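Participant:
2 protein chains.
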Amino acid sequence: MSLDEAGLDLLFRTARTPQGWRDAPVSDDTLRQLYDLVRLGPTSGNCSPARFVFLRTQDNRERLRSALSDGNVDKVLSAPVTVIVAHDPLFFDRLGVLNPEPGLRAWFAADVGLAEETAFRNGTLQGGYLILAARALGLDVLPISGFDAYAVEDSFLAGQGWRANFLVSLGYADGPPALPRAPRLTFDEACLLL
Amino acid sequence: MSLDEAGLDLLFRTARTPQGWRDAPVSDDTLRQLYDLVRLGPTSGNCSPARFVFLRTQDNRERLRSALSDGNVDKVLSAPVTVIVAHDPLFFDRLGVLNPEPGLRAWFAADVGLAEETAFRNGTLQGGYLILAARALGLDVLPISGFDAYAVEDSFLAGQGWRANFLVSLGYADGPPALPRAPRLTFDEACLLL
Numbered sequence: 001m002s003l004d005e006a007g008l009d010l011l012f013r014t015a016r017t018p019q020g021w022r023d024a025p026v027s028d029d030t031l032r033q034l035y036d037l038v039r040l041g042p043t044s045g046n047c048s049p050a051r052f053v054f055l056r057t058q059d060n061r062e063r064l065r066s067a068l069s070d071g072n073v074d075k076v077l078s079a080p081v082t083v084i085v086a087h088d089p090l091f092f093d094r095l096g097v098l099n100p101e102p103g104l105r106a107w108f109a110a111d112v113g114l115a116e117e118t119a120f121r122n123g124t125l126q127g128g129y130l131i132l133a134a135r136a137l138g139l140d141v142l143p144i145s146g147f148d149a150y151a152v153e154d155s156f157l158a159g160q161g162w163r164a165n166f167l168v169s170l171g172y173a174d175g176p177p178a179l180p181r182a183p184r185l186t187f188d189e190a191c192l193l194l
Numbered sequence: 001m002s003l004d005e006a007g008l009d010l011l012f013r014t015a016r017t018p019q020g021w022r023d024a025p026v027s028d029d030t031l032r033q034l035y036d037l038v039r040l041g042p043t044s045g046n047c048s049p050a051r052f053v054f055l056r057t058q059d060n061r062e063r064l065r066s067a068l069s070d071g072n073v074d075k076v077l078s079a080p081v082t083v084i085v086a087h088d089p090l091f092f093d094r095l096g097v098l099n100p101e102p103g104l105r106a107w108f109a110a111d112v113g114l115a116e117e118t119a120f121r122n123g124t125l126q127g128g129y130l131i132l133a134a135r136a137l138g139l140d141v142l143p144i145s146g147f148d149a150y151a152v153e154d155s156f157l158a159g160q161g162w163r164a165n166f167l168v169s170l171g172y173a174d175g176p177p178a179l180p181r182a183p184r185l186t187f188d189e190a191c192l193l194l
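As given, the protein sequences belong to chains B and A, one line each in that order. So in full-length UniProt numbering, spot 10 of the first sequence is number 10, and the numbers just go up one at a time. So in full-length UniProt numbering, spot 53 of the second sequence is number 53, and the numbers just go up one at a time.
(1) Exposed or buried, which one is G161/B when buried takes at least 16 other CB atoms within 10 Å?
(2) Are the segment 45-52 of chain A and the segment 80-93 of chain A in contact at 8 Å, needing three or more beta carbon pairs?
(3) One question on the structure: do L130/A and V85/A come within less than 8 Å of each other, judged by their Cβ atoms?
(4) Using three-state DSSP, classify T124/A as helix, strand or coil.
(5) Leaving out the 5 sequence neighbours to the left and right, which residues in its chain are closer than 6 Å to D154/B when beta-carbon positions are compared?
(6) Alpha carbon to alpha carbon, how far is L125/A from D174/B?
(7) In terms of alpha-carbon separation, which member of T30/A, L10/A, L11/A and S69/A lies closest to L167/A?
(8) Check this for me: beta carbons of R135/A and L10/A, under 8 Å apart or not?
(9) Is any beta-carbon of chain B found at less than 8 Å from that of N72/A?
(10) Is D88/A buried or exposed, if buried means 16 or more other CB atoms sit within 10 Å of its CB?
(11) Where does the unbroken alpha helix (DSSP H) through R63/B begin, and where does it stop?
(12) Give the C-beta separation of A158/B and A67/B to the nearest angstrom, bearing in mind that I take them to be a contact with Cβ-Cβ under 8 Å.
(13) Compute the distance between the beta-carbons of V38/B and V83/B, then report whether it is under 8 Å.
(14) If I'm right that L139/B touches R56/A with Cβ under 8 Å, what's the distance once you round it to whole angstroms?
(15) Can the beta-carbon of N99/B be found less than 8 Å from the beta-carbon of A190/A?
(16) Please give me, in chain order, every unbroken run of the beta strand (DSSP E) with length at least 3 that falls completely inside the segment 26-70 of chain A.
(17) Give the secondary structure of T118/B by DSSP, where H, G and I count as helix, E and B as strand, and everything else as coil.
(18) Would L179/A be called buried (16 or more neighbouring beta carbons within 10 Å of its own) or exposed?
(19) Any idea if S27/B is buried or exposed, counting beta-carbon neighbours within 10 angstroms, 16 or more meaning buried?
(20) With L137/A and T30/A assumed to form a contact (beta carbons below 8 Å), what rounded beta-carbon distance in angstroms separates them?
(21) Within 10 angstroms of its Cβ, does A115/B collect 16 or more other Cβ (buried), or is it exposed?
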């Protein structure tokens with residue numbers, strides 16, 4: 001079994017990063033449905049390091065302003081929800097629940113470089129699952145990685161000790177982007193068949 | 001519009017990492033279809049740093065053996081295709097085609113730390129798109145990040161100068177895994193609603 005053409009269009013082919021948003025809310029129930037999909041995606045040893053902070057209220061979204069570059073302020077602050085895709089650098093403390101393999105926690109706790117790389121790689125993968133799961137639920141997504149991560153951590157993540165990775169604004173696009181999709185690399189430019 | 005239940009099952013809910021493979025090939029045409037989906041997923045400034053090396057022949061797959069941990073050798077080498085998800089550290093040299101914004105290439109070329117982080121984050125996102133796009137095409141996927149990346153770079157990527165990020169074996173599972181899916185973190189453990 002595979003996805004039909006409409007499904008491939010929804011996730012990849014006709015999906016575009018929106019330039020603006022309809023005035024339509026995203027419910028907490030939708031955010032819970034979204035996480036319930038995202039958490040099922042595979043991570044290394046089921047380490048599941050990603051953490052998601054959903055900024056829904058006007059006040060909390062406004063607190064992002066100073067961390068954004070000028071060109072992104074309007075697009076991000078007008079979205080009904082912006083997600084801080086973060087990760088827990090101490091993700092290995094949850095391995096007792098997530099993975100029964102003995103010694104795995106100690107292996108990460110003893111090697112901070114390995115732990116950081118694992119958290120960044122797998123937290124980013126989970127952020128990719130979030131992007132496509134949101135599209136699967138009919139949402140449009142605007143990912144942003146050009147922002148002041150330290151400011152976001154100070155404002156929103158200090159209590160948890162989580163690290164900010166990137167932002168994803170969620171909502172319903174107010175129409176197709178004016179410009180056609182930017183070019184992509186061809187198979188022969190980006191792939192080798194060995 | 002959103003994906004129907006069968007589509008959500010295919011991508012997330014019933015999808016599992018296989019423990020073994022059916023003796024069924026994956027065609028080059030399927031790999032090209034796969035890349036044609038993956039390349040459409042969003043990256044920061046359309047930087048598109050991921051590069052994909054598809055190991056299809058028995059000889060080339062066998063060259064992975066010494067880079068794999070003992071527990072992964074059989075699972076990976078018996079897959080019909082294993083993809084090296086890599087990235088090009090000089091991805092910014094392609095920005096003239098990918099993104100017309102002037103000065104973007106120079107901005108990355110002047111800051112190797114920013115370039116490395118951007119390549120790793122966005123190359124990993126594209127690897128996440130590969131995992132879900134493969135499932136969308138009916139393939140099963142086995143991602144592996146515990147392997148000797150330097151050995152893989154020496155064996156397969158030296159000519160291109162690409163960096164190895166993780167591996168994804170592709171094929172058709174020989175049946176459902178014997179064990180139930182490992183637990184995941186609840187919404188309240190991994191998410192904040194602000």
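Cβ coordinates follow ideal geometry from the N, Cα and C atoms, glycine included. As the structure is a prediction and not an experimental result, all values here were calculated from the model.
Facilitator: A quick look at the data gives this:
(1) Burial call: exposed.
(2) By the Cβ criterion, the segment 45-52 of chain A is in contact with the segment 80-93 of chain A, since at least three pairs of Cβ atoms, one from each stretch, lie closer than 8 Å.
(3) yes
(4) Per DSSP, reduced to three states, the secondary structure at T124/A is helical.
(5) Excluding residues within five positions, none has a Cβ falling inside 6 Å.
(6) 26 Å
(7) Nearest of T30/A, L10/A, L11/A and S69/A to L167/A, Cα basis: S69/A.
(8) yes
(9) Answer no: the Cβ-Cβ gap between N72/A and chain B never drops below 8 Å.
(10) By the neighbour-count criterion, in which a residue is buried when 16 or more other Cβ atoms sit within 10 angstroms of its Cβ, D88/A is buried.
(11) It is not in any alpha helix (DSSP H) - R63/B carries neither H nor E in the DSSP assignment.
(12) Not confirmed; about 14 Å, so no contact.
(13) no
(14) With a Cβ gap of about 36 Å, L139/B and R56/A do not count as contacting.
(15) no
(16) Here the runs fully enclosed are 50-55.
(17) Three-state result, T118/B: helix.
(18) exposed
(19) Answer is exposed; the Cβ neighbour count stays below 16.
(20) In this structure, L137/A and T30/A form a Cβ contact; the two beta carbons are roughly 6 Å apart against a cut-off of 8 Å.
(21) buried
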